[in-house]
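Chains as they are written, first to last, in the UniProt record's numbering: chain R, 1 to 619; chain F, 1 to 619. Note that beta-carbon positions come from the ideal geometry of N, C-alpha and C, so glycine has one too. All of these numbers come straight from a predicted model, not from anything done at the bench.
Here it is in C-alpha cells:
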C-alpha cells in the first residue's frame with residue numbers, strides 16, 4: 001500500500017472501532033484509535049500470516065497485550081477478510097466470538113487471552129522462545145502493548161528475559177497514548193523514560209515521535225525486522241481517541257463508546273471497505289523432535305528404600321523419562337530446579353529446558369507461550385511461589401492453555417524453613433481455576449504415573465509434591481487414573497473413613513494401625529486426585545461408615561476437606577465431616593514437629609477418630 | 001568503630017552465622033557471609049535504631065529482603081545486644097523466635113516477613129512512602145536485597161515507584177554475590193548491568209567493586225544518606241561464603257550449613273564477642289492527623305433509589321467518610337480508582353491517597369508498609385487483579401499485617417467485559433489466607449457498615465464489591481456484625497434454605513417470591529460474612545429445612561458453598577447441600593444474560609429448589 005492507502009486503512013480501523021463500540025454500547029474505541037495506524041501498517045506491510053491457516057507453523061504471531069483494544073483487533077480482522085462487517089457488529093454480544101477482551105478459545109487467530117494487563121508481552125516472550133529454541137522457525141512475534149501496562153513488574157520480567165535470551169524475533173510496539181484508565185500515566189508522552197528502561201534491559205529501541213505517521217511506522221518496523229541479536233521495542237507517541245476532535249487526547253473517555261458516533265465517523269471520513277492483503281507466511285520445515293515413544297517411567301518396589309522416596313524426586317525422574325519418550329515435552333523452572341528436581345530433566349534434555357530465574361510470572365507466561373505452539377510444558381517451583389503467578393494461571397485457563405504445573409515443598413512438612421516457603425494455599429488456588437486438574441501424590445510410583453498422565457489432559461494441571469521422603473506404598477505397575485483414589489484400609493466394620501493425600505497418607509495409615517489395636521477399624525482413602533474427586537469411592541465410604549475425617553497439609557479452606565464435599569453436593573445425604581488442616585501459623589521446627597503442631601499427624605488423627613466414634617455412639 | 005574493628009565485626013557476624021546454622025543443622029550461612037561486611041558497617045555507623053523501642057517513630061527501618069540470610073540478621077541482633085548467644089543457637093528450632101525466615105509476628109525488630117524473594121524492596125517502598133507522606137519523619141529505610149531476586153518483576157515495580165516518588169529516604173543495598181540457589185545468576189558480578197537498570201528507573205547508583213571493603217562501604221552509605229531527590233541503590237560485589245576458602249564463591253553450597261564448621265570458624269579467626277552501639281534515633285514529633293472522630297457513614301433508604309446503588313459506590317463513599325472520621329485511614333488503588341470508586345476518598349483526602357498505577361504487587365506491598373507504621377490501609381482494584389498479588393497477600397498474613405483489601409467488579413455480573421475482568425476465584429484465594437476476614441455485601445448500607453467495621457479487625461480483610469446497581473434492602477441503621485448473616489425470608493414451613501451473598505441475594509429473593517407463589521416456602525440467608533460464617537444461623541436453617549442451596553457468583557471451589565460447610569465440620573449432622581456457582585467459561589453478554597447463563601439467577605435457583613423439594617418427598 002502507498003502512504004495514502006495506509007492512512008486510509010488507519011482511518012477505516014478507527015471508523016470500524018467506533019462502529020463496533022457503538023453497536024455494543026460499550027468497549028474501548030479511544031484506546032483503539034491511538035493504535036490504528038500502528039496496526040494498519042503492521043497488517044499491510046510486515047505481518048506474515050495466513051488467516052485461513054492460523055496453525056501454519058510459519059505464521060508470525062500477533063499478541064494484543066493491551067487486550068481492551070479489541071475494537072481495533074476485530075476491525076483489523078475485518079480488513080484482512082477474516083470476519084465480515086456483520087460479525088464485527090456483534091461485538092460484546094451474547095454468543096458472539098468477538099468478546100470484550102480476546103480469547104483463543106473463541107477466535108483461532110488470537111494467541112492468548114489478554115485483558116489482565118502486562119501479560120501479553122511475557123507470553124509473547126514465551127512464543128518467541130519457542131520459535132528460537134524449539135520450533136527453529138523464523139516467525140516473528142509482534143506484541144502491541146499499552147503504556148499503562150508498563151507499570152506491571154511482569155513487563156520487566158519479560159524485558160529481562162527477552163534481552164538476556166537475545167530474542168530478535170520479538171518486536172514490542174508500545175502505543176504511548178499518555179492516558180490510562182483513570183488519567184495520565186506516570187511518564188505521559190516522555191518516550192525517553194521508556195527508552196532508557198528498555199535499553200537498560202538490552203533491547204533495541206526505536207522512538208517514533210509521531211505514532212500516526214505511517215511512513216515513519218513503516219521504517220520503524222523495517223528497522224525492527226532487520227535488527228539482530230536483540231529484541232526491539234518501538235515506542236510510538238500517539239493520541240488516545242486520535243482523529244476525532246471531541247475525543248483526541250482527552251481524559252475521562254477510557255472504555256466508553258463515543259458520544260456522537262455518527263459525527264465522529266463523518267469526521268474520520270466515513271465508512272470504508274478497504275481490504276488488506278496480509279503477506280503469506282514462509283514455508284517451514286518441521287524440525288520438532290519426536291522422542292523414542294517408549295515411556296520407561298522410573299520404578300520403585302514397595303517399601304523400598306527403607307527411608308522412602310521424596311515425591312519431588314519421583315517428579316524429576318519421571319519428567320526426565322517422559323522427555324525421552326516424548327519430544328514435545330519441555331520443562332521450565334524458577335531457579336530452584338535443584339529443589340524441585342526439574343534439574344533431572346535439564347540434565348537429560350537441556351535443549352528443551354528453560355531456566356526462568358526467580359520470575360514466576362514470566363515462567364508461567366513462557367509455559368503458556370510454548371503451549372500455544374503445541375508443546376507440553378511442565379513449569380515448576382515451590383508451591384508457595386506459584387501464588388506469585390496466580391493471575392497468569394487464571395488467564396491461562398481463559399486461554400484454554402494446556403500447561404502442567406508442579407509445586408514442590410508443599411505444606412508444613414518442609415520443616416525448618418518456615419511459613420514463607422510452605423505452600424498452604426495452593427490447593428485452594430488451583431482448585432478454583434476453571435477446568436483445572438489437581439493431583440497430590442503420596443508416593444514415588446504414584447507420582448511418576450501422574451506426571452505421565454498430566455501430559456494428555458487438557459487445561460491447567462497441577463501436581464503438588466513434597467520435600468521429604470515418603471514410604472513407597474504402591475508397586476510400580478499400579479494404575480492411578482485421574483479422578484480416582486485408592487482405598488488403603490477397608491473392612492466391613494469400619495467406623496469412619498480417613499481421607500488423606502500426600503504426606504498425610506502415611507499419617508493416616510499409622511493412625512489406622514493405632515486405632516485397629518484399640519478395636520476401632522477405620523477406612524483409609526488416598527485421595528491423590530483432588531480435582532476431580534472420586535465421587536463413587538467417597539460415597540461408598542460415606543454409606544459404609546457415616547463419617548469422613550479429612551486430613552491435609554493445607555489451610556482448612558479450599559483444599560481436600562472442601563474437595564470431598566464435591567462428592568455430595570447433588571442433594572443426596574451428606575455424611576458427617578470433620579476436617580483436620582493447618583489452622584495455626586507455623587514457625588520453624590522439624591517436619592515431624594510441624595505435623596504434630598498442626599494437628600495432622602497420626603496421633604492427631606487417632607485422637608479425632610476416637611472422639612468421632614464416641615460421638616456416634618453417644619446419641 | 002575504626003577499620004580494624006569493622007573488619008572484626010564482619011568476621012564475627014560470619015562466625016555467628018556459621019555457628020547458628022551449624023546448631024540448627026540447616027539454614028543459609030553462605031548467603032549471610034557475603035553480606036556480613038555490609039551489615040556490620042550499617043549497624044556500626046549508619047543505622048539509627050533503638051532496639052529497646054522498636055516502635056520508636058524516629059527509628060530507621062531495616063528490611064531483610066533476602067529473607068533467607070537470617071543467620072546474618074540474628075548475628076547482627078546479637079552484636080547489637082538485642083538477643084544473647086544462647087538464643088542465637090536456638091535458630092530454626094521449635095518454639096524459637098529465630099525462624100528460618102524472619103517474621104515480625106515473632107521478632108519486634110523485623111519490619112516484614114520475607115523469604116518470598118522480591119518483596120522486601122516493595123514493602124520498603126511502602127514504609128518510605130509512609131515516612132515521606134504520612135509520618136513526615138526523617139527515618140531512613142534500608143533494604144538488603146539479594147542479586148537473584150532482582151529477576152522478580154516486583155523489584156522493578158518498586159524501582160519505578162520509588163524513583164517516581166523521589167524516595168531519598170530509601171536505600172537499597174544489593175549483595176551481588178553472583179550465585180543464586182541453583183547456580184550463577186543471569187548477570188553474575190556484572191554490576192554495570194544492574195546499575196544501568198536502576199539508573200533507568202531514576203535511582204542514584206553507587207557501585208562497590210569490593211563489597212567487603214569496610215571503608216568503601218562506609219563511604220557508599222554516607223553518599224547514600226546525603227543523596228537527595230532520589231532513592232539510592234548500592235551495588236556491592238561480594239563473594240558468597242566469603243572468608244572460608246572451602247565455601248567462598250563456590251556453587252552448590254546454597255542453603256546448607258558449612259561442612260566443617262569448626263575449621264571454618266577457626267579460619268574466620270574464631271568466636272568473638274564484639275558489641276556494636278547502634279546510633280539512637282532522633283526525637284520525632286507526632287504529626288499524624290487525628291480525624292474528626294464522628295463517623296458519618298453515607299445513608300440510603302430501603303428501596304431507594306429505584307434502580308439501586310452499586311456496592312462499589314457505597315464502598316467509595318463510606319471510605320471517604322471513614323477517612324474524615326479517622327486520620328489513620330489511607331487508601332491505595334491500582335489506577336482504577338474511577339472504577340473501584342476509591343477516587344471518592346482521593347478527592348476528599350488526597351494527602352492520604354496513593355496512586356499505585358497498574359502494579360498490584362507494589363500496591364499490596366505499599367499497604368503492608370504503611371500498615372507497619374500504624375496506618376490502616378485500604379487497597380482496591382478489580383477482584384480479578386488481586387490475583388496478581390496473591391503471594392504478597394499470603395506473606396502479609398505471615399507478617400500479621402493489618403491490611404484492608406477491596407476487590408470490585410466481582411463475578412460474571414460485570415457483564416460485557418468478559419472473563420479476564422471477572423473476579424471468580426477471589427473468595428477461594430482470600431478464604432485460604434490464614435486469619436483472613438472475607439466480606440461480600442449485597443447492598444449499599446451493608447457495604448458502608450462493613451467498610452467501617454474492617455478498620456478495627458486484625459489481619460487481612462477482604463471486601464468484595466460489585467459493578468452494577470443492587471437494590472437497597474436494608475435501612476441505614478441496621479447492624480452487620482462480622483461473622484453474622486441476615487435471614488431475609490423465613491417461616492415455620494420452609495422447605496429449604498437458599499444461602500446467597502452479594503449479587504445473588506436479589507436473585508434468591510426473587511426466586512423465593514416465585515416459589516412462594518407455587519406453595520414452596522423457602523428461607524433466604526444473606527451470608528455477607530463469608531469468613532467467619534454464621535454457624536448458628538446456618539445450623540438452625542439446616543435443622544429447620546434439612547437442605548441448603550448455596551448460590552454464588554464465583555467458581556464452585558472455595559467460595560460460599562465451601563464456606564457454608566464450615567458450620568458443619570465438627571462431626572455433627574450435615575444437611576443436604578447443593579451449590580449453584582459459575583461452572584462455565586463466560587463470554588461477553590449483559591449482566592442479566594451472564595447470571596442466567598451461569599445458572600445463578602432467580603430462575604435457576606427456583607428450578608433447583610423445585611427439584612430438591614421433590615427429591616425430599618420422593619423417598
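May I ask which residues mark the beginning and end of the beta strand (DSSP E) holding residue i?
{"i": "residue 146 of chain R", "result": "141-146"}
{"i": "residue 8 of chain R", "result": "Counting along the chain, residue 8 of chain R falls outside any beta strand (DSSP E), though it belongs to the alpha helix (DSSP H) covering 3-24."}
{"i": "residue 236 of chain R", "result": "232-237"}
{"i": "residue 377 of chain R", "result": "376-382"}
{"i": "residue 407 of chain F", "result": "403-408"}
Rounded to a whole number of angstroms, what is the C-alpha to C-alpha distance between residue i and residue j?
{"i": "residue 375 of chain F", "j": "residue 328 of chain F", "result": "5 Å"}
{"i": "residue 577 of chain F", "j": "residue 572 of chain R", "result": "8 Å"}
{"i": "residue 104 of chain F", "j": "residue 400 of chain F", "result": "7 Å"}
{"i": "residue 360 of chain R", "j": "residue 149 of chain F", "result": "11 Å"}
{"i": "residue 301 of chain R", "j": "residue 322 of chain R", "result": "20 Å"}
{"i": "residue 14 of chain F", "j": "residue 563 of chain F", "result": "49 Å"}
{"i": "residue 114 of chain R", "j": "residue 66 of chain R", "result": "7 Å"}
{"i": "residue 63 of chain R", "j": "residue 439 of chain R", "result": "32 Å"}
{"i": "residue 267 of chain F", "j": "residue 249 of chain F", "result": "16 Å"}
{"i": "residue 283 of chain R", "j": "residue 97 of chain R", "result": "29 Å"}
{"i": "residue 516 of chain F", "j": "residue 404 of chain R", "result": "48 Å"}
{"i": "residue 38 of chain R", "j": "residue 552 of chain F", "result": "42 Å"}
{"i": "residue 40 of chain R", "j": "residue 47 of chain R", "result": "10 Å"}
{"i": "residue 530 of chain F", "j": "residue 569 of chain F", "result": "16 Å"}
{"i": "residue 11 of chain R", "j": "residue 74 of chain R", "result": "14 Å"}
{"i": "residue 504 of chain F", "j": "residue 411 of chain F", "result": "10 Å"}
{"i": "residue 5 of chain F", "j": "residue 222 of chain F", "result": "18 Å"}
What residue does the alpha helix (DSSP H) around residue i start on, and which one ends it?
{"i": "residue 242 of chain F", "result": "Run containing residue 242 of chain F: none; DSSP gives neither H nor E here."}
{"i": "residue 190 of chain F", "result": "Looking at the DSSP string, residue 190 of chain F is not in any alpha helix (DSSP H), and its letter there is neither H nor E."}
{"i": "residue 353 of chain F", "result": "Residue 353 of chain F -> not in any alpha helix (DSSP H); beta strand (DSSP E) instead, spanning 353-355."}
{"i": "residue 30 of chain F", "result": "29-33"}
{"i": "residue 340 of chain F", "result": "337-340"}
{"i": "residue 347 of chain F", "result": "343-348"}
{"i": "residue 154 of chain F", "result": "153-164"}
{"i": "residue 440 of chain F", "result": "Element bounds for residue 440 of chain F: n/a, residue is neither H nor E."}
{"i": "residue 464 of chain R", "result": "From DSSP, residue 464 of chain R is part of no alpha helix (DSSP H) but of the beta strand (DSSP E) over 460-464."}
Assuming residue i and residue j are in contact, meaning their beta carbons sit under 8 Å apart, how far apart are those beta carbons, in whole angstroms?
{"i": "residue 457 of chain F", "j": "residue 482 of chain F", "result": "7 Å"}
{"i": "residue 137 of chain R", "j": "residue 58 of chain R", "result": "6 Å"}
{"i": "residue 523 of chain F", "j": "residue 489 of chain F", "result": "6 Å"}
{"i": "residue 387 of chain F", "j": "residue 388 of chain R", "result": "Actually they do not touch by this definition, with Cβ atoms about 10 Å apart."}
Original post:
Taking one C-beta from the region 276-295 of chain R and one from the region 457-472 of chain R each time, how about it: are there three or more such pairs within less than 8 Å?
Top reply: no
**OP:** Give, in chain order, every residue of the region 345-366 of chain R whose Cβ lies closer than 7 Å to some Cβ of chain F.
**Re:** 357, 358, 359, 361
**OP:** Output, in sequence order along the chain, the residues in the region 553-565 of chain F whose CB is closer than 9 Å to any CB in chain R.
**Re:** 554, 555, 556, 557, 558, 559, 561, 562, 563, 565
Original post:
Okay, do the region 606-617 of chain R and the region 240-251 of chain F touch, 3+ Cβ pairs below 8 Å being the bar?
Top reply: no
Original post:
Can you list, in chain order, the residues of the region 161-173 of chain R whose Cβ is nearer than 8 Å to any Cβ on chain F?
Top reply: 164
**OP:** Report the residues of the region 566-579 of chain F with a CB closer than 9 Å to any CB of chain R, ordered along the chain.
**Re:** 566, 568, 569, 570, 571, 572, 573, 574, 575, 576, 577, 578, 579
Original post:
Listed from N- to C-terminal order along the chain, which residues in the region 395-406 of chain R have their beta-carbon within a distance smaller than 9 Å of any beta-carbon of chain C?
Top reply: In the structure shown, chain C cannot be found, because the protein chains are R and F.
**OP:** Would you list, in chain order, the members of the region 413-424 of chain F that have their beta-carbon closer than 9 Å to a beta-carbon of chain R?
**Re:** 415, 416, 417, 418, 419, 420, 421, 424
Original post:
Counting pairs of beta carbons, one from the region 503-516 of chain F and one from the region 598-605 of chain F, are three or more of them closer than 8 Å?
Top reply: yes
**OP:** Please name the residues in the region 466-495 of chain F whose beta-carbon is closer than 8 Å to at least one beta-carbon of chain R, in chain order.
**Re:** none
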